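See structure below.
Number of protein chains: 4
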Amino acid sequence: MNFDFSLAEQAMFKDILDKMNAFAQGKNFETQDFSRAKDALAILGKTQYLKLGLDTPEGFGGVSLMGAMETLAALSPSLYLSVEMSTRLFGGIVATWGSSAQKEKWLPSLMKGQILGAVALSEDSMNVDYDPLKTSGIQDGEYLNISGDKTYVINGPVADLLAVAGLLNGRIALFIIEQGTVGLAAGQPFSTLGYEGAAISRVSLNNCRIPVDQVIVPFEDRSVLDTLRLWENQIILGASLGLMKAAYESARDYAKTHRSGGKPIIAYQEVAFKLSEMLTLLQTSQLFAYRTAWTLETSPKAAESLMWCAKVFCTEAAEKVSGYSLQILAGSGFISGNPSEIAYRCAKYGQIAGTSTEISRVKIGDSALGYRLIA
Amino acid sequence: MNFDFSLAEQAMFKDILDKMNAFAQGKNFETQDFSRAKDALAILGKTQYLKLGLDTPEGFGGVSLMGAMETLAALSPSLYLSVEMSTRLFGGIVATWGSSAQKEKWLPSLMKGQILGAVALSEDSMNVDYDPLKTSGIQDGEYLNISGDKTYVINGPVADLLAVAGLLNGRIALFIIEQGTVGLAAGQPFSTLGYEGAAISRVSLNNCRIPVDQVIVPFEDRSVLDTLRLWENQIILGASLGLMKAAYESARDYAKTHRSGGKPIIAYQEVAFKLSEMLTLLQTSQLFAYRTAWTLETSPKAAESLMWCAKVFCTEAAEKVSGYSLQILAGSGFISGNPSEIAYRCAKYGQIAGTSTEISRVKIGDSALGYRLIA
Amino acid sequence: MNFDFSLAEQAMFKDILDKMNAFAQGKNFETQDFSRAKDALAILGKTQYLKLGLDTPEGFGGVSLMGAMETLAALSPSLYLSVEMSTRLFGGIVATWGSSAQKEKWLPSLMKGQILGAVALSEDSMNVDYDPLKTSGIQDGEYLNISGDKTYVINGPVADLLAVAGLLNGRIALFIIEQGTVGLAAGQPFSTLGYEGAAISRVSLNNCRIPVDQVIVPFEDRSVLDTLRLWENQIILGASLGLMKAAYESARDYAKTHRSGGKPIIAYQEVAFKLSEMLTLLQTSQLFAYRTAWTLETSPKAAESLMWCAKVFCTEAAEKVSGYSLQILAGSGFISGNPSEIAYRCAKYGQIAGTSTEISRVKIGDSALGYRLIA
Amino acid sequence: MNFDFSLAEQAMFKDILDKMNAFAQGKNFETQDFSRAKDALAILGKTQYLKLGLDTPEGFGGVSLMGAMETLAALSPSLYLSVEMSTRLFGGIVATWGSSAQKEKWLPSLMKGQILGAVALSEDSMNVDYDPLKTSGIQDGEYLNISGDKTYVINGPVADLLAVAGLLNGRIALFIIEQGTVGLAAGQPFSTLGYEGAAISRVSLNNCRIPVDQVIVPFEDRSVLDTLRLWENQIILGASLGLMKAAYESARDYAKTHRSGGKPIIAYQEVAFKLSEMLTLLQTSQLFAYRTAWTLETSPKAAESLMWCAKVFCTEAAEKVSGYSLQILAGSGFISGNPSEIAYRCAKYGQIAGTSTEISRVKIGDSALGYRLIA
């Protein structure tokens, strides 16, 4: 076993951090100003961040990606979510199932950070696990007409390209639709508990006409949805690590620099206990997430159940750590815009998005009970 | 033992609920529009709500007040907080320590809901437990000049009267200052994680001149602060019950009326389990809070340590219940403005305001370990 | 509302405590010596303990019983379990469903503590909820022949009378069988994690012949089993309070009287925190259990779901409190026979006996979600 | 990063498992029969188990040891504890601080499993952290006379050699005393909550006379005690993994093979949920423990604080997992001697032995808050 990031990985993280910090200059990206996702993409296009998972550079892998995700998510959860939905989810679709022509057309711009993608999946509720898709495409010569309604589309109003899941001749297909296509309408961005800096909206499609070469061809079964969920879960895992890291460091620094009753807050045992529990949760979550990313590469079959376990664990840890962090900051934590408050608002999302905590538990119960993490 | 509310109590709760519902008409009071606190006060002035604890009507007591608090807090946490800071905190100061003249001057209008009060206590941090007050008054003939800086003053920018804690000749006194007094300045209302509909701001006092009959005369020791903390804790206890009630009912109703995979959500065991845990926490918290209110009246000495226990328990329960509620509502819970999201945002406040969870634990440890709840 | 025990109740508790302490003289009753249950019964026959619930004296009720249970269980969990299985379970069967003749025959001796009863319910597993009974009786003139196998019968080897649940003409009946009846055989008492002082064994019945007047006549449906479960749950509730009380007091006293590093252990904040959490759990559990007992009398319909909530809460609390208690006692807690170690061993039983925690959660989910504790 | 055990490590685990299974043949080693520790040592002497950490074979390291510990502890916690106290604690003392002559004299027999060692550390309480040692040695020519009283000495009555911590000229030294030395007396083995198969007793030394070459020479400061604690913590970490593994597998197998209401128990969601939480805790604990073992080798400075975090996490996980396991087994889990009941009894020891959970939290708070697990 070996638990260290390589020097190349550490250098990559530092590069991301430096360039993004220069861009951010301490600004709060967690408000409803949606122009910043594209600016951030342009910056990240100069690092290796956007290549990971799509055309992974030599010497990197899934664990490198998880470490990079943690780095960005700690900086701004909203930018992170926007970027990941474009890169790892939309980009992953193109890289995995796209035709050669589709890959050539879209992947280079995605990896340079020149276009922003979105994926429109959920309909009636956030989870599609139990319900059939109602969105569908009808062929009309060299074109398809797509109609349907999607809820909770991240990047919905600002994406250049949307991958829309729907039925084509009774089977699931993914339709790539350009922003501006007649019949495509994104709703008003929702005001949300967290991730307010990521544009999340409904998207309605009313006979959106696209050429047939903008379809990712129909899938044999629903397993494509499982794969998309797996990627979403991976994104949420990275987010959880970043939220915890930001919240933990914020509370630790506050406790070291603020005083009460003549001594630094960290000298109060009740504060030190909370920090030590936060640290333990952060460390354990990191290990679990890295382990999961590693297994995704080395034995993908085993990884699905591991991912559910990791997602349940890390998202609950993120809620706890950010909540404790707020308590340490006390009054100043309750004021909007500090890293702990931002993390606390975002943490709950991780438990309901992707495979929800409840459904994850059912799935682990159903299928995973024969599996052992360490061979 | 007897665990029922009397018929008179039940009628009082219904009266509050009916009048407030007619006033609210489903509006969201959790946004930064601060005119509504006074409108709500006027409505509540027509019920017995504002009399409880100040000039308690025959047949009612502390448990009646706790039940009434729960009723209002479930309706709107922000209005509840504004009203309580005026009635039970500011009003409590006047009723407990005010001179006859002061009582006559202010109590009737407070109980009719004609004036809104505020109490300015905390300075450097939210908790004053470990730090001396810096605000002070200097006598100048028949007048006092008050200077100091207060953080986190609820109703700060909108109150008609502020009770400001400070030092007078080295001892703690409470200065009653009218809005508009020269030198009194409330800061911009904070944007906060929760309770956004309650105006919370800094308040600075720069040689505010008040006549000496607007002082609540100096106290022998710091125990007045303990009493104010106790009242704050009581207010937070009521808030916790209301938040849990609103969140629990919101999730239960959603689970009964929304379907997934062909059956109502409540039919999924993972959902039913969460609801059953939420119900248990709500019930237990109610019992604990009523018990505490009852002890406050029957054996006040024992009540302080019981209050710390109850506050720790009920505020943690409120966070759990509202968090679970959000998870049941999934995507729709994450959108701002629903009762579960509102409750989740507010719940954390209860753990840091009043005697914080951490300090409560220390205090229970210090002093209460000889006490047994049921004689 | 009123949360106090009456003076008569307090006097009754004191009487039980005094008489039992005089009997116990500090002996450890948690080892496999089963003669003591009958000695204890004789002592308790001189108090009002054995009358509660069977022929409740004026001025007492369900809450009095719960308080009395807590008192005895804190003294010796094993004796408590033996006595309760005889009095409230076996005795409850006779008092509720017995004929006048049966009541006359058995109740007076039960209430005087002259005979020890047992109830044989479970067969394949500890919970009968999902499985049909295999034990059955076949009529033969004025007699019945009973055959079947029972697991986990408390008092099995030492009871004078056993009430055995089985089928008679396809419906559930309760057969009262005397110790010594041909064909009745109790197995070797189990060695168990906890409650080692209560004789728990298998009981097999091989054509046990009893006169027909020793049958409690067949029931319309399985609801009799629900009632028996409810009583078992009530017994476990009382046990949980007693375990917590004993464990909490043991840890508190240890922490006050033992020193480390020059100061009493209680002066270490990590110890004081644990004690304060234990106290809160004990207090909350008491309230919940008393509330449940009160509801059982005042609105029995509502009480069933409340009982499940209370049982889940109080049995988990008992495990936590006794576990924390052990940690405070450290090495000396790990040595067998101290109150904390005894409580920790017994606590887990409460979660699996009666309606198990898992099944309770299902039942709350199924049926109880419309109920509100405080009217 | 790399999370796999090597083929050599896997082969080593299998060898231990096969040889020990052949020896154990399903016998219960958790009762007070203390001859078996030496038999087990003899078996293990034929594997590489006893060399790890003392004269580690090429290709193995700290993580290999942790995996081997988990394997043995899952088989029998009591044998494991006896063996480890001899090998890693007593043996570690000789290998680390012994003179060349001492190493030559004792290490080969230890690694062949021919002698059993013990370490006598604690005096008044289980934790020596806050209290000075009272045991001391007085030089008398070529001899030393050792006197003192030790509590909780594992292997105390059965060890061939005891390493006794005490003061020599005001500094801490370790005295190696042979069983049978005049003045050395081990008390009656304690009856304990768990680990009953390991002989734990008091040891008293009354002018035990040993030659000076049986002293491990005095240490500069108390840091030797920290190192011993670290090793104890490592042993407890391995125990926790083994307990969890045994309990989890026992519950999983039971749930698959037992039926209720016409279906296997595992088909009940409440059971499957518990199993999935147990699996997650086991997996996470494994990762944390391996990570800690790895850090102990690669950057020992950082490892101490990591060890405290890991110990708190893994020992609490062991209590939860074994407790849940018992609940799944229900009645049959409560009967003594099954793997779940054994694990539950032993788990609590991990929280109080070594650096206790409470003191670990203090220490993490004190010193470790600047540390980040993954560089």
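Protein chains in written order, with the numbering used here: chain P, 1 to 375; chain Y, 376 to 750; chain A, 751 to 1125; chain C, 1126 to 1500.
Even for Gly, the Cβ is constructed at its ideal location relative to N, Cα and C.
If you're wondering where the values come from, they're calculated on a predicted model, not measured in any experiment.
For the stretch 564-582 of chain Y, the beta-carbon criterion of a distance under 7 Å to any beta-carbon of chain P is satisfied by F565, S566, T567, L568. A direct Cα-Cα distance of roughly 18 Å separates A787(A) from W856(A). DSSP places E928(A) within a strand segment (E or B) once states are collapsed to three. The alpha carbon of I1361(C) has as its nearest neighbour, out of G1479(C), Q1227(C), S1329(C), the alpha carbon of G1479(C).
Restricting attention to V932(A), S1086(A), A823(A), K1006(A), the CA atom closest to the CA of G1100(A) is found in A823(A). Ranked by how close their Cα comes to the Cα of T931(A), the residues A909(A), G920(A), S951(A) have A909(A) in first place. The DSSP-derived three-state label of D1346(C) is coil.
If you look at D390(Y), you'll find it in the alpha helix (DSSP H) that goes 382-399. Rounded to the nearest whole angstrom, the C-alpha separation of L757(A) and S439(Y) is 25 Å.
Within the stretch 578-643 of chain Y, the complete alpha helix (DSSP H) segments of 4 residues or longer fall at 598-632, listed in chain order. Within the same chain, and ignoring the five residues on either side of E232(P) in sequence, the residues whose Cβ sits closer than 6 Å to its Cβ are G354. Boundaries of the alpha helix (DSSP H) harbouring Q702(Y): 675-709, taken from the DSSP string. CA-CA distance, A573(Y) to L454(Y), rounds to 7 Å.
With its beta carbon less than 7 Å from one in chain Y, E358(P) belongs to the interface. Counting of Cβ neighbours within 10 angstroms places G988(A) among the buried residues, the total reaching 16 or more.
Where S511(Y) is concerned, the enclosing beta strand (DSSP E) starts and stops at 511-515. The Cβ atoms of A347(P) and S322(P) lie closer than 7 Å to each other.
A Cβ of chain P is located within less than 7 Å of the beta carbon of Q1019(A). Taking the Cα positions, N581(Y) is about 8 Å away from N520(Y). Per DSSP, the unbroken beta strand (DSSP E) holding G1291(C) starts and ends at 1286-1293.
Going by DSSP, I1279(C) is part of the beta strand (DSSP E) stretching over 1268-1279. With a cutoff of 7 Å on beta-carbon distance, G1216(C) and A1243(C) are scored as not near each other. Excluding the 5 residues flanking it on each side, L50(P) has same chain C-beta neighbours closer than 6 Å at L44, T87, M111, G113, in chain order. Here W1433(C) is near K1488(C), since their CB atoms are less than 7 Å apart. With contacts defined as CB atoms closer than 7 Å, S1461(C) and S850(A) fail to qualify as a contacting pair. The criterion of a C-beta distance shorter than 7 Å is satisfied by L75(P) and M20(P).
Under the three-state reduction of DSSP, L1309(C) is assigned to strand.
Residue pairing by DSSP puts I172(P) in a beta bridge opposite L167(P). Contacts between V438(Y) and chain A, judged by CB atoms closer than 7 Å, involve M751 in chain order. With respect to S579(Y), A548(Y) sits apart: the two C-beta atoms are not nearer than 7 Å. Identification of residues in the stretch 308-323 of chain P having a C-beta nearer than 7 Å to some C-beta of chain C yields C309, V312, F313, given in sequence order.
A Cβ-Cβ distance of about 6 Å is found for the pair A997(A) and P1089(A), placing them in contact under the 8 Å criterion. The residue among V1278(C), G1308(C), D1265(C), G1312(C) with its C-alpha nearest the C-alpha of N1294(C) is D1265(C). Take the alpha-carbon of D963(A) and the one of L839(A): they are about 20 Å apart. Contact check for S1035(A) against C1064(A) passes: the beta carbons are separated by less than 7 Å. Exclusion of the five residues before and after A1093(A) leaves L993, A996, A997, S1072 as the residues of its chain whose Cβ lies within less than 6 Å of its Cβ.
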